[in-house]
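Undergrad: What follows is a single structure, and I will ask about it in a moment.
In our numbering, the protein residues as written are 191 to 325.
Here it is in structure tokens:
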């Protein structure tokens with residue numbers, strides 16, 4: 191549940207990372223930039239069997255929004271994330287992890303979050319990418 195804290199001026203201040211970085215619009219920009227990279231990446235593109243990357247982009251956006259304090263649409267539609275299980279059909283080694291991180295770093299640079307948010311998100315992305323390795 192997200193709540194807002196009254197600011198001295200009578201305005202409200204964001205209480206979640208999701209809100210602080212701009213909410214849905216920011217995550218939409220991030221995921222769009224990420225999949226623009228994936229579409230042209232010779233390592234990443236074969237890992238997305240769907241002809242259209244839109245379903246994968248939607249799933250990533252929902253997951254990231256939920257993880258960072260936004261809507262719980264991902265869990266409502268797909269249940270528990272079970273990230274390792276969902277990625278098990280794909281061989282993910284150092285090469286694939288590094289390609290994923292390269293695409294994500296480019297997307298994050300394009301979105302240009304304030305430094306403290308960028309740092310927190312990037313640290314998560316690195317941990318998540320390492321966690322997905324299965325080869």
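Think of the CB as a built atom: it goes at the ideal place given N, C-alpha and C, for glycine as much as any other residue.
Just how far apart, CA to CA, sit residue 310 and residue 242?
TA: 30 Å
Undergrad: Hey, is residue 243's beta-carbon within less than 7 Å of any beta-carbon in chain B?
TA: Given the protein chain composition of this structure (a single chain), no chain B is represented.
Undergrad: Taking only three categories from DSSP, how would you classify residue 321?
TA: helix
Undergrad: Within 6 Å: the Cβ of residue 242 and any heavy atom of the ligand GTP?
TA: This structure does not include the ligand GTP; it has no bound ligands of any sort.
Undergrad: DSSP three-state call for residue 196: helix, strand or coil?
TA: Because the pLDDT at residue 196 is just 44, under 50, the model does not fix this residue reliably, and the point stays unresolved.
Undergrad: If the criterion is Cβ atoms closer than 7 Å, does the pair residue 255 and residue 261 meet it?
TA: yes
Undergrad: Are the beta-carbon atoms belonging to residue 327 and residue 208 less than 7 Å from one another?
TA: With the chain covering 191 to 325 only, the question about residue 327 has no answer from this structure.
Undergrad: Between which residues of its own chain and residue 297 is the CB-CB distance below 7 Å, once the five residues before and five after are set aside?
TA: 220, 223, 224 and 227
Undergrad: DSSP three-state call for residue 236: helix, strand or coil?
TA: helix
Undergrad: Are the beta-carbon atoms of residue 217 and residue 251 separated by less than 7 Å?
TA: yes
Undergrad: When the distance is taken between beta carbons, is residue 287 closer than 7 Å to residue 323?
TA: yes
Undergrad: In angstroms with no decimal places, state the Cα-to-Cα distance between residue 302 and residue 308.
TA: 7 Å
Undergrad: Just to confirm the assignment, what range does the alpha helix (DSSP H) spanning residue 241 have?
TA: First-last for residue 241: undefined, no H or E at that position.
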